[in-house]
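Trainee: Please read through the structure below; I'll follow up with questions.
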Amino acid sequence: GDSVTQMEGPVTLSEEAFLTINCTYTATGYPSLFWYVQYPGEGLQLLLKATKADDKGSNKGFEATYRKETTSFHLEKGSVQVSDSAVYFCAPLTLAGGTSYGKLTFGQGTILTVHP
Amino acid sequence: DAGVTQSPTHLIKTRGQQVTLRCSPKSGHDTVSWYQQALGQGPQFIFQYYEEEERQRGNFPDRFSGHQFPNYSSELNVNALLLGDSALYLCASSANLDMVQYFGPGTRLTVT
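Protein sequences, first through last, are from chains L and E.
With this note's numbering applied, the first sequence corresponds to residues 44 to 159, in that order.
With this note's numbering applied, the second sequence corresponds to residues 11 to 122, in that order.
Okay, here's the thing in structure tokens:
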């Protein structure tokens with residue numbers, strides 16, 4: 044079945060440090076790829092997406108590139124802020140066989156803490 | 011523009027009881043998906059509704075059932091609650107054939 048492996052957390056960084064959270068996936072076909080972020084006590088917010096190979100998704104300084112050859116979608120940010128502290132989830136959206144609708148498969152999440 | 015809303019926010023139930031959770035999708039969305047997020051884990055797909063029918067289902071027992079209404083809102087029902095059903099239940103809505111799912115704030119269910 045589909046699965047996602049995310050970088051083990053928690054990740055602790057100082058403000059303005061560079062962030063990388065690794066994500067690799069196993070899925071049927073060529074799924075669309077998403078990063079969601081979850082702040083304490085809240086639901087998931089869409090951070091960015093990429094729908095085909097070599098696409099780069101970006102939002103709020105975060106970026107991730109769809110790498111089909113390595114089935115990866117690593118999240119990066121050049122300079123993190125305290126407000127980026129949250130849990131980050133990588134999720135491919137895989138289509139039900141022969142259809143055009145899908146479900147998200149989530150990794151275990153990576154906890155990011157940024158200190159001033 | 012209201013986003014996805016869910017009710018109630020929190021719920022405490024006893025083992026063996028039944029529970030109903032509710033979700034209103036984002037305006038313009040007609041597809042609702044439900045996910046279960048255990049503490050410290052990523053969400054797991056329960057099922058998806060479109061045109062008032064269950065369109066696809068994850069690996070959850072029949073104790074988990076749902077419904078979608080003509081106004082696209084949805085309910086998740088869980089019968090014969092187990093301690094292991096304690097989790098955050100997330101509803102996500104999307105426009106049919108659109109890849110992006112938008113999540114609500116969730117309902118925290120505690121089973122004692």
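The beta carbon of each residue, even a glycine, is placed where N, CA and C say it ideally should be.
Out of L/PRO74, L/VAL80, L/SER75, L/TYR73, state which residue places its alpha-carbon closest to the alpha-carbon of L/ILE64.
Mentor: Ranking the options by Cα distance to L/ILE64, first place goes to L/VAL80.
Trainee: Can you find a C-beta in chain L that's less than 9 angstroms from the C-beta of E/PHE113?
Mentor: Closer than 9 angstroms to some Cβ of chain L, the Cβ of E/PHE113 qualifies, so yes.
Trainee: Going along the chain, which unbroken runs of the beta strand (DSSP E) with 3 or more residues stay wholly within the region 22-67 of chain E?
Mentor: Listed in chain order, the complete beta strand (DSSP E) runs (minimum 3 residues) inside the region 22-67 of chain E are 29-34, 41-47, 54-60, 63-67.
Trainee: Mind listing which residues of the region 56-67 of chain E have their C-beta closer than 8 angstroms to chain L's C-betas, in chain order?
Mentor: The residues in question are GLN58, TYR60, ARG65, GLN66.
Trainee: What do you reckon, are the CB atoms on E/PRO80 and E/VAL14 nearer than 9 angstroms?
Mentor: Contact flag unset, no.
Trainee: Considering only C-alpha positions, which residue in the set E/GLN28, E/LEU93, E/GLN51, E/GLU85 is nearest to E/SER103?
Mentor: Answer by Cα proximity: E/GLU85.
Trainee: Using a beta-carbon distance cut-off of less than 9 angstroms, what residues from the region 25-44 of chain E approach chain L?
Mentor: Hits within the stretch, in order: THR41, SER43.
Trainee: Within 9 angstroms (strictly less), CB to CB, does E/PRO53 reach chain L?
Mentor: So yes, E/PRO53 belongs to the interface.
Trainee: Around the C-beta of E/HIS39, are 16 or more other C-beta atoms found within 10 angstroms, so that it is buried, or is it exposed?
Mentor: Under this definition E/HIS39 is a buried residue.
Trainee: With a CB to CB cut of under 6 angstroms and the five nearest residues on each side skipped, what residues in its chain are close to E/SER83?
Mentor: So the qualifying residues of the chain are SER34.
Trainee: Should E/TYR59 go down as buried or exposed, given a rule of 16 or more other Cβ atoms within 10 Å for buried?
Mentor: When all chains shown are included, E/TYR59 counts as buried.
Trainee: In chain L, what lies closer than 7 angstroms to E/LEU92 by C-beta?
Mentor: Chain L residues near E/LEU92: none, gap ~22 angstroms exceeds 7 angstroms.
Trainee: Need the endpoints of the beta strand (DSSP E) that L/GLU119 sits in, please.
Mentor: First-last of the beta strand (DSSP E) with L/GLU119: 118-120.
Trainee: In chain L, which residues lie with their C-beta within 9 angstroms of the C-beta of E/VAL110?
Mentor: SER75, PHE77, LEU89, LYS92, LEU136, listed in chain order.
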